[in-house]
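Peer 1: Its first residue numbered 769, the sequence shown is counted upward by one per residue in this note's numbering. C-beta: ideal position from N, C-alpha, C; glycine also.
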Amino acid sequence: MVKGGEKIKNKVLLNLKENSLINKKDKIVIGISGGADSVALFHLLMELKEELQINFIFAHVNHMLRGTADRDQRFVEELGKKYNVPVYVLKKNIKKYAKENKIGGEEAGREIRYSFFKEILNKTDADKIALAHNLNDVVETFMFRLMRGTSLNGLSSIPIKRGKFIRPILNISKEKIYNYLNEKGYKYVTDETNFQDIYTRNKIRLNLIPYIKESFNVKFEEKIIKLVSEIDETNRYFEGIISKINLENEIYISELKKYDEFIQRKIINKFLSNKEIEINSNKIYEILNILNSGGTLKLDLTKEFILVKEYDIIKIVKRNKIFKNNLNGIIENLEKELKIGEEILYKNKLITTEVVEISKMQKDSGKRVVYLDYNKLKDKEKFVIRSRKNGDYFYPNGMNGKKKLKNFFIDMKIPKDERDNIIIILNENEIISVENLRYNKKYQITEETKYVVMLIIREV
769 MVKGGEKIKN KVLLNLKENS LINKKDKIVI GISGGADSVA LFHLLMELKE
819 ELQINFIFAH VNHMLRGTAD RDQRFVEELG KKYNVPVYVL KKNIKKYAKE
869 NKIGGEEAGR EIRYSFFKEI LNKTDADKIA LAHNLNDVVE TFMFRLMRGT
919 SLNGLSSIPI KRGKFIRPIL NISKEKIYNY LNEKGYKYVT DETNFQDIYT
969 RNKIRLNLIP YIKESFNVKF EEKIIKLVSE IDETNRYFEG IISKINLENE
1019 IYISELKKYD EFIQRKIINK FLSNKEIEIN SNKIYEILNI LNSGGTLKLD
1069 LTKEFILVKE YDIIKIVKRN KIFKNNLNGI IENLEKELKI GEEILYKNKL
1119 ITTEVVEISK MQKDSGKRVV YLDYNKLKDK EKFVIRSRKN GDYFYPNGMN
1169 GKKKLKNFFI DMKIPKDERD NIIIILNENE IISVENLRYN KKYQITEETK
1219 YVVMLIIREV
């Protein structure tokens, strides 16, 4: 007869193989608290270590929330020492972090843990991060999200795999985890706050679910698991529709509007989840509302990310990237001299100049080359290269009269965060070309042109 512990090990092995969670010789960061779930996860993977040729790293967060936090840290450190597993510890005051960032304690804890786990993954060149979510967590998460307000996608199961994060014991109940630990004689620590109804999740686990089971349906958890499974199937169907849309960097609003609002919400949710951004349903509706607004709009998503809507595009931008782009615009607004016949590197673009007789000129079929009448230049020795400045204007080819550079960018639908990176080319203080978007028509080639100056602009 196969013992319970052996059954669980076989189930975990099946999970790993069916969901491609771990490859041979992977280095796994285990998010370990010292509690029953994470300790069971470690021992189960440890039993498969030789078969899978895998190695482990412990990542432990000391939340500094209770007197036993240091005890938990010592337990994890001793466990690591016993099994020769490197241990990385972060001590962080969760209450202080939550207050500073104006978020709840549970959300603060999650942000800190996930950020730390990713940091250790990168620092140690590991392959995966294993988390100890189990079947009971699926039910609690469903109830938590339902009451907080979420989308159909938000009511789906906790993913067994997302990016580098894996959850090998997701389909194993808490009861079986305890049975496994007791059968094997493995020690673990108990977080006394798990039995205090001070957090929403604890209230769900300790009060709400037992009340529903006692008063309405003893098989309530089983019913939720079945419902979650059906929601997962529904979401997979919509995933098939959404997979046809490119959601890597940005979404075209005109493309989004081809679908009804329900599918639009699914697309936006998928776009955000691809970047590991979790928001509630209210925020999804806020995003939908700005789709019909004109101009440029920004919407706060999380502490780290902002959604930017510019013309027909919505994209996700890191807050520090917005700052970095603006800073680059200031630093690289220095003017540089470009002698005609030479080349220069500016803002990660290589600008090459060359003067040729018009009879020998070979037109480039692409859009990277600007052709100007050399004899019309006031300074035939050099150009000046810089970024935009307030008050800039020129006479763009294909447009009527003089145009302010700011209005030109608006007409061309150039996103605001890209405008400082566009190269402005001048000759004797007059703009002769705005990168290779438009040149100054005062310098355009005519039948009388004898010599042509070519401006070739390449990304490097």
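Which whole-angstrom value describes the C-beta separation of L1059 and I1021, a residue pair presumed to lie in contact below a C-beta threshold of 8 Å?
Peer 2: As a working note, residue 1059 is residue 291 in the sequence shown. As a working note, residue 1021 is residue 253 in the sequence shown. Indeed they touch by this definition, with Cβ atoms about 5 Å apart.
Peer 1: So, are the CB atoms of V996 and F910 less than 7 Å apart?
Peer 2: Your numbering for residue 996 matches position 228 in the sequence shown. Your numbering for residue 910 matches position 142 in the sequence shown. Yes, these two residues count as a Cβ contact at 7 Å.
Peer 1: What does DSSP give as the partner residue(s) for D805 in the beta ladder?
Peer 2: As a first step, residue 805 is located in the sequence shown; it is residue number 37 there, counting from the start. None; D805 has no bridge partner.
Peer 1: Could you compute how far the alpha carbon of I1213 sits from the alpha carbon of D1068?
Peer 2: The residue given as residue 1213 occupies position 445 in the sequence shown. The residue given as residue 1068 occupies position 300 in the sequence shown. Cα to Cα, the separation comes out at about 48 Å.
Peer 1: Determine, using beta-carbon pairs with one atom in the stretch 860 to 878 and one in the stretch 974 to 984, whether at least three such pairs fall under 8 Å.
Peer 2: In short, these stretches do not touch, since the Cβ pair count stays below three.
Peer 1: Please classify G931 as buried or exposed, where buried requires at least 16 other C-beta atoms within 10 Å of its C-beta.
Peer 2: Here residue 931 corresponds to residue number 163 of the sequence shown, with the count starting at 1. Exposed.
Peer 1: Please classify M911: does DSSP put it in a helix, a strand, or coil?
Peer 2: Taking the sequence shown and counting its residues from 1, the one referred to as residue 911 is at position 143. DSSP, reduced to helix, strand and coil, places M911 within a helical segment of the structure shown.
Peer 1: Only counting runs of 4 or more residues, tell me where the alpha helix (DSSP H) segments fall wholly within the stretch 1099 to 1183, in order along the chain.
Peer 2: 1173 to 1179
Peer 1: Please list, in chain order, all residues of the same chain as E1100 whose beta carbon is under 7 Å from its beta carbon, the five residues on each side excluded.
Peer 2: Numbered from its first residue, the sequence shown carries residue 1100 at position 332. Only weak support is given to the placement of E1100: the predicted model assigns it a pLDDT of 41, under 50, and the value that follows is read from those uncertain coordinates. Correct list, in chain order: K1115, S1155.
Peer 1: For V901, which of helix, strand or coil comes out of DSSP?
Peer 2: Against the sequence shown, residue 901 aligns to sequence position 133. The displayed chain sequence assigns His, not Val, to residue 901. Here H901 carries a coil assignment [DSSP, helix/strand/coil].
Peer 1: Run through the stretch 801 to 858 for me and flag every whole beta strand (DSSP E) of 3 or more residues, listed as ranges in chain order.
Peer 2: The qualifying runs are 823 to 830.
Peer 1: At what residue ranges does the stretch 934 to 1003 contain a whole run of the alpha helix (DSSP H), taking only runs of 4 or more?
Peer 2: 942 to 952, 968 to 971, 977 to 983
Peer 1: Assuming the contact rule is C-beta atoms closer than 8 Å, V1221 and T1120 should be a hit. Round their C-beta distance to whole Å, please.
Peer 2: Stepping through the sequence shown from its first residue, residue 1221 is reached at position 453. Stepping through the sequence shown from its first residue, residue 1120 is reached at position 352. That pair is no contact at about 11 Å.
Peer 1: What does D1068 pair with, by DSSP beta-bridge criteria?
Peer 2: The residue given as residue 1068 occupies position 300 in the sequence shown. Paired residue(s): I1074.
Peer 1: State the start and end residues of the unbroken beta strand (DSSP E) segment that holds I796.
Peer 2: Locating residue 796 in the sequence shown gives position 28, where the first residue counts as 1. Taken as a continuous stretch (DSSP letters only), the beta strand (DSSP E) holding I796 covers 795 to 799.
Peer 1: With DSSP as the reference, identify every bridge partner of I1010, one or two as the case may be.
Peer 2: Position 242 of the sequence shown, counted from the first residue, corresponds to residue 1010. BP columns for I1010 are empty, so no partner.
Peer 1: Helix, strand or coil for E1215 per DSSP?
Peer 2: In the sequence shown, residue 1215 corresponds to position 447, counting from 1. In this structure, E1215 counts as coil in the three-state DSSP scheme.
Peer 1: Which of the three DSSP states, helix, strand or coil, is assigned to K896?
Peer 2: Reading the sequence shown from its first residue, position 128 is the one you call residue 896. Three-state DSSP puts K896 in a strand.
Peer 1: Give me the Cα-Cα distance between A837 and A866, rounded to the nearest whole angstrom.
Peer 2: Position 69 of the sequence shown, counting from 1, holds the residue named residue 837. Position 98 of the sequence shown, counting from 1, holds the residue named residue 866. Taking the straight line joining both Cα atoms gives about 18 Å.
Peer 1: Where does E1203 fall in DSSP's three states?
Peer 2: In the sequence shown, counting from the first residue as 1, residue 1203 sits at position 435. Reduced to three states, the DSSP call for E1203 is coil.
Peer 1: Pick from V797, P1164, L1040: whose alpha carbon is nearest that of N890?
Peer 2: On the sequence shown, residue 890 is found 122 positions in, with the first residue counted as 1. Per the Cα distances, V797.
Peer 1: Could you tell me the alpha carbon to alpha carbon distance between N1093 and N1048, rounded to whole angstroms?
Peer 2: The count along the sequence shown starts at 1 and reaches residue 1093 at position 325. The count along the sequence shown starts at 1 and reaches residue 1048 at position 280. Annotation note: pLDDT 48 at N1093 (below 50); position unreliable, coordinate value reported separately. Answer to the nearest angstrom: the Cα atoms are 29 Å apart.
Peer 1: Considering Cα atoms alone, identify which of K795, E879, N947, T918 is closest to E818.
Peer 2: Against the sequence shown, residue 818 aligns to sequence position 50. Looking only at K795, E879, N947, T918, the smallest Cα-Cα distance to E818 is reached by K795.
Peer 1: Could you tell me which of I1190, K1181, M1180, K1144 sits nearest to E1198, measuring between CA atoms?
Peer 2: As a first step, residue 1198 must be located in the sequence shown, where it is residue number 430. Checked all of I1190, K1181, M1180, K1144; the closest Cα to E1198 is K1144.
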